Amino acid sequence: MKPIIAVIGHTDVNSFGSPTTSTPLAYTSSIEKAGGVPVIIPFTEDHSILPAMADLVQGFLLTGGIDIDPGFYNEPPSSKLWAVDKALDLFQMALLELAMERKKPLLAICRGTQLVNVALGGSLFQDIPSQFEASTLKHMQDKISFDTDHAVEIEPGSRLHALFGPRMEINSRHHQSIKQLGQGLDITARAPDGVVEAAQHQTLPMDLVQWHPELMMQKNNDMLPLFKSFVERCKIK
Ligand SMILES: [Mn+2]
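Heads up: take any position in the sequence shown, counting from 1, add 452, and you land on this note's numbering.
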């Protein structure tokens with residue numbers, strides 16, 4: 453049976469001005485191509501209904517989006533911080549906790565990676581160009597990139613290494629990145645300038661990537677192994 457995978461919604465406002473749960477189709481179509489059935493979990497401030505939703509699905513996808521409220525890692529906002537939505541952070545962290553309690557697989561992309569890291573006690577560079585002096589690469593490309601922008605060097609022994617080997621080219625559309633690593637995480641890939649680009653949990657089936665594999669999937673199947681291995685892991689044994 454195809455596993456049902458929750459795409460955790462993001463807050464937005466539609467063209468009529470109504471608050472909206474928003475999920476770019478690149479995420480759901482990537483899950484479909486990898487053999488999964490995506491369902492979107494709408495934003496809510498009533499966290500009491502989330503356990504019932506978490507029980508319905510076999511895996512979770514945390515997508516890209518806006519910045520994380522730096523109050524979660526006890527820092528004042530940098531002048532370079534973008535928009536934040538504390539209620540969105542709390543909603544997504546509540547679902548993350550439920551996924552971890554249930555030991556269900558989770559794939560985190562871009563903001564998702566930052567959210568998991570912060571929820572596990574880590575911190576972020578709020579803005580790479582102004583806070584991470586060693587960074588020499590342009591991590592925030594001006595427009596959505598379906599092509600690749602820079603390389604990553606992958607840690608031997610990691611799940612990512614088993615899929616892709618020691619090095620690959622990925623896209624880059626992020627101005628934040630992991631600073632202090634969250635508890636229970638291992639770094640699995642870095643850009644050549646040292647920026648953390650991927651991590652995995654030491655004991656739980658959680659993988660974090662800072663790039664946008666779902667956008668690369670719109671052009672070719674180079675990232676299909678990442679989505680396929682995630683969907684395979686979600687199948688009920
Ligand atoms: Mn990057």
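The C-beta atom is built at its ideal place from N, Cα and C for all residues, glycine as well. No experiment lies behind these values; they were computed from the predicted model shown.
Residue i CB to nearest heavy atom of ligand 1 below 8 Å
i, result
"Glu649", "yes"
"Leu667", "no"
C-alpha gap between residue i and residue j, whole angstroms
i, j, result
"Gly609", "Trp663", "20 Å"
"Pro618", "Ala643", "12 Å"
"Pro503", "Pro476", "24 Å"
"His499", "Leu615", "35 Å"
"Asp601", "Gln670", "15 Å"
"Asp594", "His626", "10 Å"
"Gln652", "His613", "11 Å"
"Asp645", "Asp521", "25 Å"
"Phe524", "Val489", "32 Å"
"Gly573", "Leu567", "10 Å"
"Ala551", "Cys686", "12 Å"
"Ser474", "Gln654", "31 Å"
"Pro665", "Ile483", "11 Å"
"Thr472", "Leu540", "12 Å"
"Leu656", "Ser587", "30 Å"
"Gln682", "Trp534", "What sits at residue 682 in the sequence shown is Phe, not Gln. Cα-Cα distance, rounded: 30 Å."
Range covered by the beta strand (DSSP E) that runs through residue i
i, result
"Gly511", "Gly511 to Leu514"
"Glu649", "Val648 to His653"
"Glu605", "His602 to Ile606"
"Ile492", "Val489 to Ile493"
"Leu589", "Segment: none, Leu589 is in no beta strand (DSSP E) and carries neither H nor E."
"Arg642", "Leu637 to Arg642"
"Leu558", "Leu558 to Ile561"
Endpoints, alpha helix (DSSP H) assigned at residue i
i, result
"His613", "Arg611 to Phe616"
"Met668", "Pro665 to Met668"
"Ala546", "Lys538 to Glu553"
"Leu660", "No alpha helix (DSSP H) contains Leu660, which is instead part of the beta strand (DSSP E) from Met658 to Val661."
"Ile483", "Leu477 to Lys485"
"Glu684", "Leu676 to Cys686"
"Ile580", "Ile580 to Gln583"
"Asp464", "Not the alpha helix (DSSP H): Asp464 falls in the beta strand (DSSP E), residues His462 to Val465."
"Leu508", "Leu502 to Leu508"
Beta-carbon separation (whole angstroms), residue i vs residue j, contact threshold 8 Å
i, j, result
"Pro668", "Phe598", "Note on residue identity: the sequence assigns Met, not Pro, to residue 668. The Cβ separation is near 6 Å, so the contact holds."
"Thr565", "Val647", "The pair is not a contact, with the Cβ atoms about 12 Å apart (cut-off 8 Å)."
"Glu607", "Thr640", "5 Å"
"Lys631", "Leu576", "5 Å"
"Thr747", "Ile460", "Residue 747 lies beyond the stretch modelled for the chain, which goes from 453 to 689, so this question has no answer here."
"Asn526", "Leu637", "Rounded, the Cβ-Cβ distance is 19 Å, inconsistent with contact."
"Ile457", "Gly511", "5 Å"
Got a list of residues with beta-carbon closer than 5 Å to any non-hydrogen atom of ligand 1, in chain order?
His591 and Ser624
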